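> I have a structure here, written as structure tokens, and I will follow up with some questions on it.
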Amino acid sequence: MASHLAFDLAEHGVSTVSGLARGIDAWAHKGVFTACERGVARPQRRSQSVAAIGLPIGVVASGLDVVYPRENADLWKFVGEQGLLLSESPPGTMPEAFRFPMRNRILAALSEVLVVVESRTSGGSMITVEEAQKRDITVMAVPGSPRNTSSAGTNLLLQQGCAPVVDVQDVLVALGLDSRGRHPRVFDVRRHPNAHDVAVLNAMCGEALTLDQVLMRTQGDLVATALALGRLESDGWVVNNSGWWEVLGALPAAGYGESSG
């Protein structure tokens, strides 16, 4: 299911973010690899972002030079060459156990929709679910047999109200895309940024800034700020011109990103 779903998403121009670990992670990227081999997911213009053309994004728990697990070496190479390979750890960092839950928060933050294909009631996937829910990111799950303990977590998520995923159309609907992977024109508006992203936009004051300059103004965390800029670019609020981040159009109206309670 992971491979087929990732292939179909790539065909519709939707990128798959995964952890490049064994099992579901690897199968997801294998699906994107097959899509690239068949030419249904490939760069169209140099100006297009990875997320706009259905290419793979991998977030790993080691340094980028420490391939783990070794059997995924070809997938690492593929993701690094055709998509985006990310790590918050410096080169040489080994994949210690405590780094995987830390990595999962980045996986969640990069996602517009989190799809849990298979999971027990505890483990890495459920940690990613918690991180996604903290960020108000939609969580979906693939139904599984009640006799399969590997689907106990996904079935629990469905019981708790998460939307089911039977095929790619379910995910496209959650993303607000039509059957061609495009936003319907009648709803062609920019998604409202969250409070943190609004703070980044306000700090830029409509100027073109480098990442370092944005960091100096916000006094924020490097990873969080880079992820915020990535989300803002994906949603059409900013554009990256050769390392210079520029705000597009008017800033969000007051109140966007604020929570009520």
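In terms of the numbering used here, the sequence shown has 39 at position 51, counting the first letter as 1, and numbering is strictly consecutive. Ideal Cβ placement from N, Cα and C applies to all residues, glycine included. Quantities reported herein were computed from a predicted structural model and do not represent experimental measurements.
(1) So what's VAL101 in DSSP terms, helix, strand or just coil?
(2) Could you check where the alpha helix (DSSP H) with VAL161 kicks off and where it finishes?
(3) Please report the straight-line C-alpha distance between ALA97 and LYS122, rounded to a whole angstrom.
(4) If you run the structure through DSSP and keep just helix, strand and coil, what is THR137?
(5) Using the Cα positions of LEU(-3) and ARG179, report the straight-line distance between them to the nearest angstrom.
(6) What residue from GLY231, ILE125, LEU189 has the CA that sits closest to LEU163's CA?
(7) Please tell me whether MET114 has its Cβ less than 9 Å away from any Cβ of chain B.
(8) Pull up the distance between the alpha-carbon of ASN60 and that of PRO181, whole angstroms please.
(9) Considering Cα atoms alone, identify which of GLY46, GLU100, GLU221 is closest to VAL186.
(10) Under 9 Å between the Cβ atoms of LEU95 and GLU69?
(11) Going by beta carbon distance, what residues of the same chain come within less than 7 Å of MET114, once the five residues before and after it are set aside?
(12) Closer than 7 Å by C-beta to THR137: which residues in its own chain qualify, once you throw out the five before and the five after it? Chain order, please.
(13) Can you list, in chain order, the residues of its chain whose CB lies under 6 Å from that of MET(-11), leaving out five sequence neighbours each side?
(14) When DSSP labels each residue in this structure, what does TRP15 get in the three-state scheme?
(15) Give the secondary structure of SER6 by DSSP, where H, G and I count as helix, E and B as strand, and everything else as coil.
(16) Note down, one range per segment and in chain order, each alpha helix (DSSP H) of at least 4 residues found wholly within the region 208 to 233.
(17) How is LEU73 classed by DSSP in three states: helix, strand or coil?
(18) Roughly how many angstroms separate the alpha carbons of LEU146 and SER6, rounded to a whole number?
(19) SER189 by DSSP, collapsed to three states: which one?
(20) Would VAL2 pass as a contact of VAL159 if the rule is Cβ separation under 9 Å?
(21) So, ALA(-6) versus ALA16, is the Cβ gap smaller than 9 Å?
For this structure:
(1) In the sequence shown, the residue the question calls residue 101 occupies position 113. Looking at VAL101 - three-state DSSP - the assignment turns out to be strand.
(2) Numbered from its first residue, the sequence shown carries residue 161 at position 173. Looking at the DSSP string, the run of the alpha helix (DSSP H) that includes VAL161 is 156 to 163.
(3) As a working mapping, residue 97 is identified with position 109 in the sequence shown. As a working mapping, residue 122 is identified with position 134 in the sequence shown. Taking the straight line joining both Cα atoms gives about 10 Å.
(4) Stepping through the sequence shown from its first residue, residue 137 is reached at position 149. THR137: helix per DSSP, three-state reduction.
(5) Translated into positions along the sequence shown, residue -3 becomes position 9. Translated into positions along the sequence shown, residue 179 becomes position 191. Rounded to whole angstroms, LEU(-3) to ARG179 spans 20 Å at the Cα level.
(6) One-based indexing of the sequence shown puts residue 163 at position 175. Taking only the C-alpha atoms, the option nearest LEU163 is ILE125.
(7) No chain B appears in this structure, which consists of one protein chain only.
(8) Here residue 60 is taken as the residue at index 72 of the sequence shown, counted from 1. Here residue 181 is taken as the residue at index 193 of the sequence shown, counted from 1. Distance between the alpha carbons of ASN60 and PRO181: 35 Å.
(9) Within the sequence shown, the letter at position 198 stands for residue 186. Here the closest residue by C-alpha is GLU221.
(10) Sequence index remark: in the sequence shown, residue 95 carries index 107 (1-based). Sequence index remark: in the sequence shown, residue 69 carries index 81 (1-based). Not closer than 9 Å, so no.
(11) Along the sequence shown, one-based indexing puts residue 114 at 126. Cβ neighbours of MET114 beyond the five flanking positions: SER107, GLY141.
(12) By 1-based counting over the sequence shown, the position of residue 137 is 149. If the five residues before and after THR137 are omitted, its C-beta is found closer than 7 Å to the C-beta atoms of ARG108, all from its own chain and listed in chain order.
(13) Taking the first residue of the sequence shown as position 1, residue -11 is located at position 1. Hits under 6 Å: VAL105, VAL130.
(14) Translated into positions along the sequence shown, residue 15 becomes position 27. Looking at TRP15 - three-state DSSP - the assignment turns out to be helix.
(15) As a first step, residue 6 is located in the sequence shown; it is residue number 18 there, counting from the start. Strand at SER6.
(16) 210 to 222
(17) In the sequence shown, residue 73 corresponds to position 85, counting from 1. Strand.
(18) The residue labelled residue 146 in the question sits at position 158 within the sequence shown. The residue labelled residue 6 in the question sits at position 18 within the sequence shown. Approximately 21 Å between the Cα atoms of the pair.
(19) Reading the sequence shown from its first residue, position 201 is the one you call residue 189. For the record, residue 189 in the displayed sequence is Leu; it is not Ser. Helix at LEU189.
(20) The sequence position of residue 2 within the sequence shown is 14, counting from 1. The sequence position of residue 159 within the sequence shown is 171, counting from 1. Taking 9 Å as the Cβ cut-off, VAL2 and VAL159 qualify as a contacting pair.
(21) Numbered from 1 along the sequence shown, position 6 holds the residue referred to as residue -6. Numbered from 1 along the sequence shown, position 28 holds the residue referred to as residue 16. Yes. Within cutoff.
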